[in-house]
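Everything below concerns the one structure shown next.
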Amino acid sequence: MERPSRRNVLVTGGTLGVVGALSAASPAQASALWTWSPKGSVAGAGQGADPRGVWDAEADELVADLIDSGHVDFINAQLRQWTKNGQFLPLLLPWELRKFIEKAREMPSWADENKLETAVDFNEKRGLYLGVTYGFASGMMSTVIPKEARAVYYSKGGADMRDRITKTAKLGYDIGTSNAYKDRGEMIVTCVKTRLAHAGVRHLLPKSAHWSKVADEKIPISQADMMVTWHSLPTTVMQNLQKWKVPIPAGESEAFLHSWQLCAHMLGIKDEYIPNSWAEANAQAAQVLTPVLAPTPEGVKLADMLLNLATIVPGGPLRYVTKPILGALTRYVLGDEIAEWLKIPREPFWDEVFEVAWEPFIAVREGLLALEDAPGALQKAYWAFDEILRLAALLVLSGGNLPISIEIPHTNNPHY
Numbered sequence: 005m006e007r008p009s010r011r012n013v014l015v016t017g018g019t020l021g022v023v024g025a026l027s028a029a030s031p032a033q034a035s036a037l038w039t040w041s042p043k044g045s046v047a048g049a050g051q052g053a054d055p056r057g058v059w060d061a062e063a064d065e066l067v068a069d070l071i072d073s074g075h076v077d078f079i080n081a082q083l084r085q086w087t088k089n090g091q092f093l094p095l096l097l098p099w100e101l102r103k104f105i106e107k108a109r110e111m112p113s114w115a116d117e118n119k120l121e122t123a124v125d126f127n128e129k130r131g132l133y134l135g136v137t138y139g140f141a142s143g144m145m146s147t148v149i150p151k152e153a154r155a156v157y158y159s160k161g162g163a164d165m166r167d168r169i170t171k172t173a174k175l176g177y178d179i180g181t182s183n184a185y186k187d188r189g190e191m192i193v194t195c196v197k198t199r200l201a202h203a204g205v206r207h208l209l210p211k212s213a214h215w216s217k218v219a220d221e222k223i224p225i226s227q228a229d230m231m232v233t234w235h236s237l238p239t240t241v242m243q244n245l246q247k248w249k250v251p252i253p254a255g256e257s258e259a260f261l262h263s264w265q266l267c268a269h270m271l272g273i274k275d276e277y278i279p280n281s282w283a284e285a286n287a288q289a290a291q292v293l294t295p296v297l298a299p300t301p302e303g304v305k306l307a308d309m310l311l312n313l314a315t316i317v318p319g320g321p322l323r324y325v326t327k328p329i330l331g332a333l334t335r336y337v338l339g340d341e342i343a344e345w346l347k348i349p350r351e352p353f354w355d356e357v358f359e360v361a362w363e364p365f366i367a368v369r370e371g372l373l374a375l376e377d378a379p380g381a382l383q384k385a386y387w388a389f390d391e392i393l394r395l396a397a398l399l400v401l402s403g404g405n406l407p408i409s410i411e412i413p414h415t416n417n418p419h420y
């Protein structure tokens, strides 16, 4: 199998196929003009402003005032009571915050209930594969998105990676539930609270001397940064599923995208930046995600934490899923270049097993290939592959350690 480079890891549909932007790349890339047209967005039109210079003004101003008021602990305590999309908001929340949330949790006019129902069917059928791709494609990719890696490492989330991982898992869990965007679901709550948390990071992180020393921006988490992270999730997931030859009807593929388009909207990404199709998503990812992938010291440390995943998920440690196996899976999914950036050692046995046996394993699970007709390596390693799916299910499909509370931060990483 040809190993993908960071340049073709998304655009060629190679092995890449789930808490940066162009200025994190080389000087030539950093000065590249934003060329993706808003005509390809769910809005169908827009100003076309470079998203690297756009943040979330409404949320940012509000949350900065809340943090500076010194009442964030009380506000977070109140927000913990809001767990369902259609639930009445706690009466003791500040009026300005209540007003913001009421507006932020409204579904956009382009939301399609039929597509959301189809997305439920897709998630039920492909949930195990989604867990693997969210964790080892999207999750590990986040460690080679320089701006994201630094923002996570030096913000409050970097102080407790177990907590960070379970909160990220909640997003993947909530979007896959049958009532994700309905009144009794939790996806809108998760997105709006994440939007508030992002605003808190924008207010606090510039005050970190450690972050400021390594950052090449004055304010983190721009609209471009959020779209980079977004592409590391649905765009990356779908390309992996296609690479693994998972049969997906066109309607289910479109519905899965729609559920993530709504997620982007609820996270505060402007509609003019949200792609309206997979073709547009791939085109945008080629401009905002692929060029920025690069190693950082912070990303290497975060990746090492993630490779110890089996010891921190609910029900862990798992007996068979070891750090070498997860390292080999990461190398298989993201390629040699990224694995070397992250200082993931080669595992000759497991590297070869993934190369030879992972796609036949998917075929066996899909009923497209009999196990006795599969490569010998798969017959020997089937137990390990099945355990990897179990690990993903424990992490994502269980929603992590419930209940999980996404909160407005009031400090950066206290260790730095």
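Per my numbering, the very first residue in the sequence shown carries number 5; after that it's consecutive. All C-beta atoms, glycine included, are put in the ideal place defined by N, C-alpha and C.
- By the 16-neighbour rule on beta-carbons within 10 angstroms, residue 269 is buried.
- Between the alpha carbons of residue 86 and residue 127 lies a distance of about 25 Å.
- Measuring C-alpha to C-alpha distances from residue 420 to each of 265, 215 and 357 identifies 215 as the nearest.
- Annotation: residue 98 is outside any alpha helix (DSSP H) and is labelled neither H nor E by DSSP.
- Annotated three-state conformation of residue 312 is coil, per DSSP.
- Between residue 122 and residue 259 a beta carbon distance of about 4 Å is seen, short of the 8 Å cut, so the two are scored as contacting.
- Beta-bridge partners of residue 416 (DSSP): 159.
- Rounded to whole angstroms, the separation of the alpha carbons of residue 102 and residue 51 is 29 Å.
- The C-beta separation of residue 408 from residue 174 comes to about 5 Å, placing the pair in contact by the 8 Å criterion.
- Distances from the CA of residue 202 to each of 218, 227, 182 and 289 were compared; the closest alpha carbon is that of 227.
- By DSSP's assignment, residue 352 forms no beta bridge with any residue.
- The alpha-carbon separation between residue 297 and residue 149 amounts to approximately 5 Å.
- By the C-beta criterion, the segment 110-124 is judged not to be in contact with the segment 203-223, since fewer than 3 inter-stretch pairs fall below 8 Å.
- Our two residues, residue 358 and residue 133, have alpha carbons roughly 15 Å apart in a direct line.
- DSSP, read as helix, strand or coil, puts residue 279 in strand.
- A residue is called buried once 16 or more other Cβ atoms fall within 10 Å of its Cβ, and residue 384, having fewer, is exposed.
- Cβ neighbours of residue 355 within its own chain (closer than 8 Å, five residues either side excluded): 332, 335 and 336.
- By the C-beta density criterion, residue 371 is exposed, having fewer than 16 other C-beta atoms within 10 angstroms.
- The bridge partners DSSP lists for residue 45 are 279.
- Around the C-beta of residue 330, 16 or more other C-beta atoms lie within 10 Å, and the residue is accordingly described as buried.
- A Cβ-Cβ distance of about 7 Å is found for the pair residue 299 and residue 346, placing them in contact under the 8 Å criterion.
- If the five residues before and after residue 230 are omitted, its C-beta is found closer than 6 Å to the C-beta atoms of 273, all from its own chain and listed in chain order.
- The criterion of a C-beta distance shorter than 8 Å is not satisfied by residue 188 and residue 119.
- Boundaries for residue 250: no alpha helix (DSSP H) harbours it, and the DSSP string shows neither H nor E there.
- The DSSP assignment places complete alpha helix (DSSP H) segments of no fewer than 4 residues inside the segment 181-262 at 191-208, 213-218, 227-234 and 240-247, in order along the chain.
- Pairing residue 104 with residue 63 gives a Cβ-Cβ distance under 8 Å.
- Annotation for residue 343: 334 and 335 place their beta carbon closer than 7 Å to its own, counting only its chain and skipping 5 residues before and after.
- If you compare the alpha carbons of 276, 56, 162 and 156 with that of residue 36, the shortest gap goes to 56.
- Under the 10 Å beta carbon count, residue 352 is surrounded by fewer than 16 other beta carbons and is classified as exposed.
- Annotation for residue 343: the continuous alpha helix (DSSP H) segment containing it runs 340-345.
- For residue 87, the secondary structure class from DSSP, reduced to helix, strand or coil, is coil.
- In chain order, 114, 265, 275, 278 and 280 place their CB closer than 7 Å to the CB of residue 46, counting only its own chain and leaving out the 5 sequence neighbours on each side.
- Taken through DSSP and simplified to helix, strand or coil, residue 109 comes out as coil.
- In its chain, beyond the 5 residues on either side, 379, 381, 382 and 385 have a beta carbon closer than 7 Å to the beta carbon of residue 361.
- Distances from the alpha-carbon of residue 192 to those of 141, 111 and 124 put 111 closest.
- The Cβ atoms of residue 235 and residue 289 lie closer than 8 Å to each other.
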